[in-house]
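What follows is a single structure, written as structure tokens, with notes after it.
In our numbering, the protein residues as written are 2 to 129.
The structure is reproduced here in structure tokens:
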């Protein structure tokens with residue numbers, strides 16, 4: 002349980018990414034429907050993966066591979082997505098999309114974790 006409570010910055014990041022997604026979906030900004038969909042696509046396919054990979058890199062550098070944090074973030078992401086879908090809060094339209102996003106974002110997070118662990122290993126091997 003202590004490891005889950007130490008994961009709060011990463012869990013807050015998951016919630017923050019979802020809130021930004023939700024704001025892009027429902028806040029009126031004077032955009033056409035196509036422009037709003039394009040903006041949400043750019044956020045979901047460019048911005049969010051970079052943020053997730055960066056958070057994974059921080060996690061990998063600080064704690065190595067912490068599977069409890071990874072699973073906690075994944076469970077929170079799926080729970081928020083399912084709740085958002087049930088409440089009709091502008092979330093992705095189908096269960097398949099929720100699963101695909103969870104799979105892709107988990108893979109992207111692992112890329113960040115592995116890159117940071119590799120850099121840490123190289124730093125220790127070179128005596129820094």
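All C-beta atoms, glycine included, are put in the ideal place defined by N, C-alpha and C.
Applying the criterion that 16 or more other CB atoms from any shown protein chain within 10 Å of the CB defines a buried residue, is residue i buried or exposed?
i: residue 57; result: buried
i: residue 27; result: exposed
i: residue 18; result: buried
i: residue 123; result: exposed
i: residue 3; result: exposed
Quick check: what's the CA-CA separation for residue i versus residue j?
i: residue 21; j: residue 36; result: 16 Å
i: residue 100; j: residue 107; result: 10 Å
i: residue 5; j: residue 73; result: 7 Å
i: residue 38; j: residue 126; result: 47 Å
i: residue 110; j: residue 15; result: 12 Å
i: residue 52; j: residue 115; result: 15 Å
i: residue 66; j: residue 42; result: 30 Å
i: residue 85; j: residue 79; result: 10 Å
i: residue 44; j: residue 87; result: 22 Å
i: residue 46; j: residue 75; result: 17 Å
i: residue 70; j: residue 49; result: 18 Å
i: residue 12; j: residue 34; result: 30 Å
i: residue 121; j: residue 10; result: 21 Å
i: residue 64; j: residue 31; result: 44 Å
In terms of residue numbering, what span does the alpha helix (DSSP H) encompassing residue i cover?
i: residue 42; result: 34-43
i: residue 47; result: From DSSP, residue 47 is part of no alpha helix (DSSP H); its letter is neither H nor E.
i: residue 11; result: 9-27
i: residue 65; result: Element bounds for residue 65: n/a, residue is neither H nor E.
i: residue 6; result: 3-6
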